[in-house]
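The structure under discussion appears below in the form of structure tokens.
Residue numbers (our numbering), protein chains in the order written: chain A, 1 to 78; chain E, 1001 to 1467.
Take a look at the structure:
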């Protein structure tokens, strides 16, 4: 948190008065808990990031089986 | 001079009169323009009125209809567009002083789509500055000042599509276009007692719209009924090569007729959308829940998955907003924004790490799969749109509207469609909204459920008295 604040003050300190710096410090402190919760959430190396949101749609979730597979009587869950 | 009721007719009702030539698009447009000039400033509803464009489009519509070339239910219908949609030659301010004189030389795709079906643009709706892209603490965070709620002008409309909400509620236009990154269509629709649709992410092109958080930004209609929203959405939806966020042609397009609503919907009440209700919202919510049980007799209950969804959504919005407004942040011109929080938050938003952003995106992917499982069992989940009615104009939103919103976070993180409709009023006569949310791409399920609710109730037909 402190490093983020110091980066802000170093880059934009000239645009900020003391009250605004103090406000930013409070906001950063209050936001730290949310960041900690997010960081603590278990994700695996294999979990893909939704780099660009692609809503999961019915036809994408369940691609229809090829006609040949149906004809061959492929059992479900094979 | 027609009575006030004409200003509150639905698009569907206006369309019948226009198609049968009982109502002139030019006269209707002039009526709405006059009313908007008279009452728009009272609610800080507009950035700009565009009477020249409106009357020109209305005259074209009238000629076409007289020649027998009726384009459909939006032909000759006046609307307002949120002032983050580019309209060629007209200021597009993004609600913010640093962009007060910004003019684009092209139209947003949505504006062109509405033009193509003959809709008549009468003005640009006011909005929260940068749609809240640098945060905001007060309702006054707008170039036009605080948008006042037509049901009670001492209360706010909610944001960021604040003017759009006020315009529809006050009968200043037949419908308006809003946008939502997180709550900006659903909340103003609820606070203003109107119907608002947040479509599936990627079904409506954002080309020509201000980017806030590009992986979450969506554009949708705000109108008088679920059916109106569906008809307007049908005109707006579709793949657009100019917006790489739009989904494939066959999945983006939407056609609507009430007859397509033939599914027996599996509906569930969300048991954990809100922790508590305040401001008198509890009573109308309880009554609405009872109505739902009568309308959808086999309604079940379901809980949203629990996790750091709001934390992930917040981080994604903050990081993407920092990128979207990078030049403004780096120029130091955040100080020109109105709101004290907006003047500083952008600086902090720039400082999150790429690893934290990536973690948020991983959490989003996990959440999408969890919600996918919810929609295996149900077509639509329902909950109050907000746990409170419209809040006072002077409220500190950072503390006063800071309650957890897992429903909004989940819906927007996953790009899920939702439709908010009025479901009752508090004892102080402030509207309360009910939100119908469905699976990605299944916008019609949310529309059908909301419309079914409106076929059994008349909350959406009520409107404030404006004198």
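For glycine and all other residues, C-beta sits at the position ideal for the given N, C-alpha and C.
What separation, rounded to the nearest whole angstrom, lies between the Cα atoms of residue i and residue j?
i	j	result
residue 1269/E	residue 1381/E	6 Å
residue 1105/E	residue 1419/E	33 Å
residue 65/A	residue 1187/E	Bear in mind that the predicted position of residue 65/A carries a pLDDT of just 44, short of 50, making it unreliable; the figure below should be weighed with that in mind. When rounded, the distance between both Cα atoms is 42 Å.
residue 1180/E	residue 1120/E	23 Å
residue 1100/E	residue 1094/E	8 Å
residue 1408/E	residue 1417/E	11 Å
residue 1424/E	residue 1453/E	12 Å
residue 1464/E	residue 1379/E	33 Å
residue 1134/E	residue 1384/E	27 Å
residue 1295/E	residue 1013/E	24 Å
residue 1312/E	residue 1325/E	20 Å
residue 1354/E	residue 1063/E	56 Å
residue 1113/E	residue 1198/E	17 Å
residue 1241/E	residue 1284/E	44 Å
residue 1109/E	residue 1049/E	20 Å
residue 1264/E	residue 1220/E	25 Å
residue 1441/E	residue 1200/E	6 Å
residue 1300/E	residue 1412/E	23 Å
residue 1025/E	residue 1058/E	5 Å
residue 1075/E	residue 1039/E	25 Å
residue 1098/E	residue 1266/E	48 Å
residue 1129/E	residue 1161/E	10 Å
residue 1088/E	residue 1293/E	48 Å
residue 1429/E	residue 1152/E	8 Å
residue 1146/E	residue 1406/E	26 Å
residue 1396/E	residue 1144/E	18 Å
residue 1460/E	residue 48/A	42 Å
residue 1167/E	residue 1045/E	6 Å
residue 1435/E	residue 18/A	43 Å
residue 1142/E	residue 1444/E	34 Å
residue 1037/E	residue 1171/E	12 Å
residue 1359/E	residue 33/A	15 Å
residue 1341/E	residue 1158/E	17 Å
residue 1196/E	residue 1190/E	8 Å
residue 1192/E	residue 1080/E	16 Å
residue 1005/E	residue 1156/E	24 Å
residue 1303/E	residue 1287/E	20 Å
For residue i, which residues in chain E fall below 7 Å Cβ to Cβ?
i	result
residue 23/A	1344
residue 10/A	What residue 10/A touches in chain E: nothing, since even the nearest Cβ is about 11 Å away.
By Cβ distance, which residues of its chain are closer than 6 Å to residue i, with the 5 residues on each side in sequence left out?
i	result
residue 1164/E	1082, 1125, 1176, 1178 and 1222
residue 1205/E	1109, 1240, 1243 and 1246
residue 1056/E	none
residue 1015/E	1073
residue 1032/E	1078, 1122 and 1173
Residues of chain E with CB under 8 Å from residue i, in chain order?
i	result
residue 18/A	Neighbours of residue 18/A on chain E: none; closest Cβ ~12 Å, over 8 Å.
residue 29/A	Going along chain E, no residue has its Cβ under 8 Å from residue 29/A, so there is no contact; the nearest lies around 11 Å.
Name the chain E residues that come within less than 9 Å of residue i, Cβ to Cβ?
i	result
residue 26/A	Ordered by position in chain E, no residue passes the 9 Å Cβ test against residue 26/A, which lies about 10 Å from the chain.
Residues in its own chain within less than 8 Å of residue i by CB, not counting five upstream and five downstream?
i	result
residue 1371/E	1305, 1410, 1414, 1416 and 1439
residue 1084/E	1092, 1094, 1095, 1127, 1131, 1179, 1209 and 1210
residue 1357/E	1315, 1316 and 1319
residue 1426/E	1279, 1280, 1281, 1283, 1284, 1389 and 1432
Leaving aside the five residues before and after residue i along the sequence, list all residues of the same chain whose C-beta is less than 7 Å from its C-beta, in chain order.
i	result
residue 1387/E	1274, 1276, 1277, 1278, 1281 and 1403
residue 1485/E	Because residue 1485/E is not part of the residues shown, which for chain E are 1001 to 1467, the question remains open.
residue 4/A	28
Is residue i near the ligand COA - that is, is its Cβ less than 7 Å away from at least one heavy atom of it?
i	result
residue 14/A	The ligand COA is absent from the structure shown, which contains no ligand whatsoever.
Whose Cβ in chain A lies nearer than 7 Å to the Cβ of residue i?
i	result
residue 1314/E	34
residue 974/E	Summary: the structure shown does not reach residue 974/E, with chain E confined to residues 1001 through 1467, and so no result is reported for it.
residue 1207/E	By Cβ distance, chain A contributes nothing, its closest Cβ being about 16 Å from residue 1207/E, past 7 Å.
residue 1308/E	37, 38 and 41
residue 1351/E	4, 7 and 8
Could you name the residues of chain A that residue i contacts, counting a contact when the two beta carbons are closer than 8 Å?
i	result
residue 1455/E	The premise fails here: residue 1455/E is roughly 26 Å from chain A at the closest Cβ pair, so nothing lies under 8 Å.
residue 1332/E	12, 14 and 15
Whose Cβ in chain A lies nearer than 9 Å to the Cβ of residue i?
i	result
residue 1356/E	35, 38 and 39
residue 1348/E	4, 5, 8, 24, 27, 28 and 31
Tell me the start and end of each unbroken beta strand (DSSP E) in the region 1306-1379 of chain E that is at least 3 residues and wholly inside, in chain order. At a cut-off of 3 residues, not a single continuous stretch assigned as beta strand (DSSP E) sits fully inside the region 1306-1379 of chain E.
I'd like to know if the region 30-43 of chain A and the region 1363-1372 of chain E are in contact, where contact means that at least 3 CB-CB pairs between them fall below 8 Å. The way I'd put it, the region 30-43 of chain A does touch the region 1363-1372 of chain E; three or more beta-carbon pairs between them come closer than 8 Å.
Would you list, in sequence order, the uninterrupted beta strand (DSSP E) runs of no fewer than 3 residues that lie entirely inside the region 1078-1165 of chain E? Counting only runs of at least 3 residues, the region 1078-1165 of chain E fully encloses the following beta strand (DSSP E) elements, listed from N- to C-terminal order: 1078-1082, 1120-1125 and 1152-1156.
Assess contact between the region 7-16 of chain A and the region 1326-1336 of chain E, defined as three or more Cβ pairs (one per stretch) separated by less than 8 Å. Is contact present? Yes: at least three Cβ pairs fall under 8 Å.
Contact between the region 1228-1236 of chain E and the region 1250-1265 of chain E is defined here as three or more beta-carbon pairs at a separation below 8 Å; is this criterion met? With the cut-off at 8 Å, the region 1228-1236 of chain E and the region 1250-1265 of chain E touch.
Could I get the ranges of all uninterrupted alpha helix (DSSP H) runs contained in the region 1212-1288 of chain E, with 4 residues as the minimum, in chain order? 1226-1236 and 1249-1252
Residue ranges of each alpha helix (DSSP H) run of no fewer than 4 residues wholly in the region 1016-1047 of chain E, ordered along the chain? 1025-1043
In chain order, each alpha helix (DSSP H) run of at least 4 residues that lies wholly inside the region 1174-1206 of chain E: 1186-1192
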